[in-house]
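Residue numbers (this note's numbering): 39 to 240.
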């Protein structure tokens, strides 16, 4: 290379492929939240993302796989795993963010629609459950850290506690009998942890 010449920046296929991959996920989540699952098509995702339909099918085998991959990515970005240094702080931060969906009507509608679709479409149910398990895994990690730090007894049923945490969320989200208020997160976590820390009475 001649002296003083600035090397050109490489713009290889890997970078372009990642940009296209991200564009597809962004387009999919936008369409899900704007139109609902039923109205999302690979054709619409391709048009919104400016990525060829054949490329999308090369990366995702089906619409359900694409939709839940997009949703998983969006939720992980919106709700990163908290690490406050205490179990109470971690769970309160997580649930505060979880309940915060109530401030976004389109996201509430999307979650309700995805849950309904999972009951009706076996092809969608599997990737939906995989996403649910990925969210449960975050809470299980927080609870496990709490056990390791001595904040919970080793006998605590972490799976049941995780179901209780999400159970309240989903019940209120789907039934709508009471609001999801982020300001209630701390009280709900206090109740949950009190039950986990209270020894069984024979």
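Heads up, the beta-carbon is just placed ideally off N, CA and C, and yes, glycines get one too. Small disclaimer: the values here were computed from a predicted structure and weren't measured.
Residue i (DSSP reduced to helix, strand or coil)
| i | result |
| --- | --- |
| residue 111 | helix |
| residue 120 | coil |
| residue 45 | The predicted model places residue 45 with a pLDDT of 43, which falls under 50 and marks its position as unreliable; any figure quoted below should be read in that light. Reduced to three states, the DSSP call for residue 45 is coil. |
| residue 193 | coil |
| residue 236 | coil |
| residue 217 | coil |
| residue 40 | Because the pLDDT at residue 40 is just 46, under 50, the model does not fix this residue reliably, and the value given afterwards should be weighed accordingly. In the structure shown, residue 40 sits in coil (DSSP, three-state: anything other than H, G, I, E or B). |
| residue 50 | Because the pLDDT of residue 50 is 45, which lies under 50, any placement of that residue in the model is unreliable, and the number read from its coordinates should be weighed accordingly. Residue state, collapsed to three classes: coil. |
| residue 74 | coil |
| residue 100 | coil |
| residue 55 | helix |
| residue 222 | helix |
From the options, residue whose alpha carbon lies closest to that of residue i
| i | options | result |
| --- | --- | --- |
| residue 229 | 87, 154 and 133 | 133 |
| residue 74 | 130, 136, 144 and 108 | 144 |
| residue 205 | 92, 136 and 183 | 136 |
| residue 149 | 211, 59 and 168 | 211 |
| residue 179 | 121, 61, 146 and 89 | 121 |
| residue 141 | 220, 232, 201 and 66 | 220 |
| residue 201 | 174, 223, 194 and 216 | 174 |
Residue i, enclosing alpha helix (DSSP H) - first and last residue
| i | result |
| --- | --- |
| residue 143 | 143 to 158 |
| residue 187 | Neither: residue 187 is in no alpha helix (DSSP H) and is coded neither H nor E. |
| residue 81 | 80 to 87 |
| residue 92 | 91 to 97 |
| residue 133 | 125 to 137 |
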